[in-house]
Every structure is written in structure tokens, then in C-alpha cells.
Ligand code: SF4
Ligand code: SF4
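In the numbering used here, the protein residues as written are 6 to 329.
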């Protein structure tokens, strides 16, 4: 035990010493002989962590091929762009005074999948790439099956954010959890950390890669998508900025979704456009959140699939969706 402690201490000291070393010293330790070579070496580093020094500009921590953690000036790393562009900054700030919240009424979902289609269209996803999906749920053979739309839960205590080594994914003051794909290094720690399986990895080139190539990347829309990075539900932050309901909420023909501001205690149904009190809706219908025991504190609430207005029929043609 004591030996392990001493070993860790020695390793930490070693890292610390390396961090404090001059750039010249670093180049020597990493076996790199010049600045030109450093750019190439940085490209093969196993990972990096950036941090903003209060007084000394921006630095990144990188892991060398011989497993040493070193800190170097951001401009030394090939492809790394110090600072944030305007849309990156705006996307991190969120909308002042708001606390966005979504309610999903399971008694009304009949797997119309209009929410999924609208989301995929807005975010340039393929039919098998999901920010939101409807799952078939059945607790036991004696209980009835039902459909459950599942987006990112926009947790107030999001484990995905705390594991990200480069601050690419973050929680905004208005409650939305987003990803900056200019920063994401595709390590997929966040996928492993999310208990709701809400994130997806872009294994392929984005579906509209050619058409989107000149578009400025917008964190709030996550377009253009980027191969080798993560994406997930964004609560349609670009629509919220325009004072509109999210794509999925507006597209549902069956009144499944409510969306609104917890600070105002008001949510609006995406189909009927009726605005109701959030607290009363949850109280009167037994609202609940997924896996509360984890302490993630989701901003998505569910209303139970009681008094369902549709029978469960997985094979029913989806075009016959009712308008309530
Ligand atoms: S649902 Fe998963 S991805 Fe979304 S905020 Fe929570 S932990 Fe993060
Ligand atoms: S994959 Fe996830 S954890 Fe890794 S850098 Fe990207 S957002 Fe962060």
C-alpha cells in the first residue's frame, strides 16, 4: 500500500517536473529535435487536454508516445485553434434566465416517428443515426408494452461532461448540455459515462459532407457534423434562440411532447400549442424521471403510459397517425 503511494507520488512528481520544464527541455525529453518536428509529433499524441491559463495564454496538455504528460503552448499543436469563434462562444453561453425542460407523455405515443424524422432532417443525420429514438418498453410479461421516445436527458449533474478531457461537452446556464465538435477528439469517454445511451459516434463522413463543407459550424445545430466526433440531442438550441419549440416537439402529431421554461413553470404542447403549468402537469399525472437513483437529475420528465389513447401495435402503418 505504502509502496504504491510512493510510486504514485514519484510519478506525479515526474509529471510535475516535466510540466514545469522549459520548451527546450520538453523537446529533448520527448525525443524531438525541433519545432517543425513537434507539429508532426503532436498529431500522433494519444490525447490532449486544454486549459486556459489566466495570465499566460492558452496551453494544451498532451500525452507523448512514450506516455509522458506534458504542457505546451496551444499554437505548437498542429490543427489546434486557440480561443473560440463567435458561434462557439454563443453556443456555450445559452439563453439567459431560462431553464429548459421537456415532458414526454407516454400515454400518447404510438411510434409515429415524426419527431425522429424532423430531428434527423434538421441535424443532417442518416435514418439509422439518432439523437432521439422511440424504444419499445415492457416491464414484464404481465404488463403492457408501450413506446418511449428517448432523447438526451440534459442532466443537471451530467456524468458525460465531467469525463470529457478537453471541455468539448458542457452544461449551459439554461440547462442544455451541448458538444463543441471543433474541440471533440472522439475519445468516447462521454459515451461510456452516459447511463441513458444518449450519445452517438460519427463513424462515417457526414451525410451532407459536400453540401455542408462551406457552412460555419454551429454548436447549437451541430451542423456540419464531423466524422470521428460525438453528437446527440441538443434540445434544438438553434430553435430556442428563435423562440421556437424544438424540431421533435413541433413535428409530433399526437401531442406527446411539452416543452418550456422551468423558471416560468410553463410548458407548451407541441401539437395543440396549449400552454400549461409545469408543476401541475407533473403532479396531476405522476410525472417522473429516468433512473433518479443515479443523481443525474435529468431535465426530461415522463408521464406514465396510463389511459393510453392508442393500443400498442408495433406493425400499425405509421401514416395513419392521429391528430389530437
Ligand atoms: S443523458 Fe447522457 S448525454 Fe445527456 S446529459 Fe445525461 S449523461 Fe449527458
Ligand atoms: S468524445 Fe466525448 S468525452 Fe471525448 S472529447 Fe468528444 S465530447 Fe469529450
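All C-beta atoms, glycine included, are put in the ideal place defined by N, C-alpha and C.
Problem - Proximity below 8 Å, CB of residue 111 to CB of residue 310 - result: Counting from 1 along the chain shown, the entry for residue 111 is found at position 106. Counting from 1 along the chain shown, the entry for residue 310 is found at position 305. It is a contact, given that the beta carbons lie within the stated cut-off.
Handout entry: ligand 1 site residues, beta-carbon cut 7 Å against heavy atoms
Key = 157, 158, 159, 160, 163, 164, 165, 166, 182, 195, 198, 199, 200, 201, 203, 204, 237, 301 and 303
Handout entry: At least three beta-carbon pairs within less than 8 Å, the region 246 to 258 to the region 213 to 220
Key = no
Problem - Proximal residues to residue 166 (C-beta, below 8 Å), its chain only, five neighbours per side dropped - result: As a first step, residue 166 is located in the chain shown; it is residue number 161 there, counting from the start. Hits under 8 Å: 174, 175, 176, 182 and 195.
Practice task
Tell me whether residue 97 counts as near ligand 2, meaning its Cβ is closer than 7 Å to at least one heavy atom of that ligand.
Solution key: Position 92 of the chain shown, counted from the first residue, corresponds to residue 97. No.
Problem - Helix, strand or coil at residue 282 [DSSP, three-state] - result: On the chain shown, residue 282 is found 277 positions in, with the first residue counted as 1. In this structure, residue 282 counts as strand in the three-state DSSP scheme.
Problem - Boundaries of the beta strand (DSSP E) in which residue 152 is found, first to last residue - result: What you label residue 152 is simply residue 147 of the chain shown in a count that begins at 1. Run containing residue 152: 151 to 155, per the beta strand (DSSP E) assignment.
Practice task
Output the distance between the C-alpha atoms of residue 139 and residue 265, rounded to the nearest integer angstrom.
Solution key: Numbered from its first residue, the chain shown carries residue 139 at position 134. Numbered from its first residue, the chain shown carries residue 265 at position 260. Distance between the alpha carbons of residue 139 and residue 265: 21 Å.
Exercise for the section: Could you pull out every residue in the same chain whose Cβ sits closer than 6 Å to the Cβ of residue 292, ignoring the five residues on either side in sequence? Expected result: Mapped onto the chain shown, residue 292 falls at position 287. So the qualifying residues of the chain are 306 and 308.
Exercise for the section: Indicate whether residue 99 and residue 268 have their beta-carbon atoms separated by less than 8 Å. Expected result: On the chain shown, position 94 is the one that residue 99 refers to. On the chain shown, position 263 is the one that residue 268 refers to. No. Outside cutoff.
Exercise for the section: Could you tell me if the beta carbon of residue 148 falls within a distance shorter than 7 Å of some heavy atom in ligand 2? Expected result: Counting from one through the chain shown, the residue named residue 148 turns up at place 143. Checking every heavy atom of ligand 2 against the Cβ of residue 148, none is found closer than 7 Å.
Handout entry: residue 220, DSSP secondary structure in three states
Key = Translated into positions along the chain shown, residue 220 becomes position 215. The answer is coil: DSSP assigns residue 220 none of H, G, I, E or B.
Problem - Every unbroken alpha helix (DSSP H) within the region 227 to 307, with a cutoff of 4 residues, ordered by chain - result: 242 to 246, 252 to 256 and 283 to 290
Practice task
Within the same chain, show all residues whose beta-carbon is closer than 7 Å to that of residue 261, passing over the 5 residues directly before and after it, in chain order.
Solution key: What you label residue 261 is simply residue 256 of the chain shown in a count that begins at 1. Here the set comprises 109, 110, 113, 114 and 154.
Problem - Proximity test, residue 211 beta-carbon vs ligand 2 heavy atom, cut-off 7 Å - result: Sequence index remark: in the chain shown, residue 211 carries index 206 (1-based). No, the beta carbon of residue 211 sits no closer than 7 Å to any heavy atom of ligand 2.
Practice task
Using only the heavy atoms of ligand 2, determine whether one of them is closer than 7 Å to the beta carbon of residue 173.
Solution key: By 1-based counting over the chain shown, the position of residue 173 is 168. Yes - ligand 2 has a heavy atom lying nearer than 7 Å to the Cβ of residue 173.
Problem - Distance, residue 277 Cα to residue 270 Cα - result: To locate residue 270, count along the chain shown from 1; it is residue 265. To locate residue 277, count along the chain shown from 1; it is residue 272. Roughly 18 Å separates the two Cα atoms.
Problem - Rounded C-alpha distance that separates residue 209 from residue 162 - result: As a position in the chain shown, residue 209 is number 204, starting the count at 1. As a position in the chain shown, residue 162 is number 157, starting the count at 1. For residue 209 and residue 162, the distance between alpha carbons rounds to 30 Å.
Problem - residue 221 to residue 312 span [Cα, whole Å] - result: Stepping through the chain shown from its first residue, residue 221 is reached at position 216. Stepping through the chain shown from its first residue, residue 312 is reached at position 307. One C-alpha to the other measures close to 47 Å.
Exercise for the section: Please confirm whether any heavy atom of ligand 2 lies closer than 7 Å to the CB of residue 190. Expected result: Walking along the chain shown from the start, residue 190 turns up at place 185. Answer for residue 190: yes, Cβ within range of ligand 2.
Exercise for the section: Return yes when at least one heavy atom of ligand 2 lies under 7 Å from the C-beta of residue 193, else no. Expected result: For this step, residue 193 is matched to residue 188 along the chain shown. Under cutoff, so the answer is yes.
Exercise for the section: List the endpoints of the continuous beta strand (DSSP E) containing residue 4. Expected result: The requested residue 4 does not occur in the structure, where the chain is confined to residues 6 to 329.
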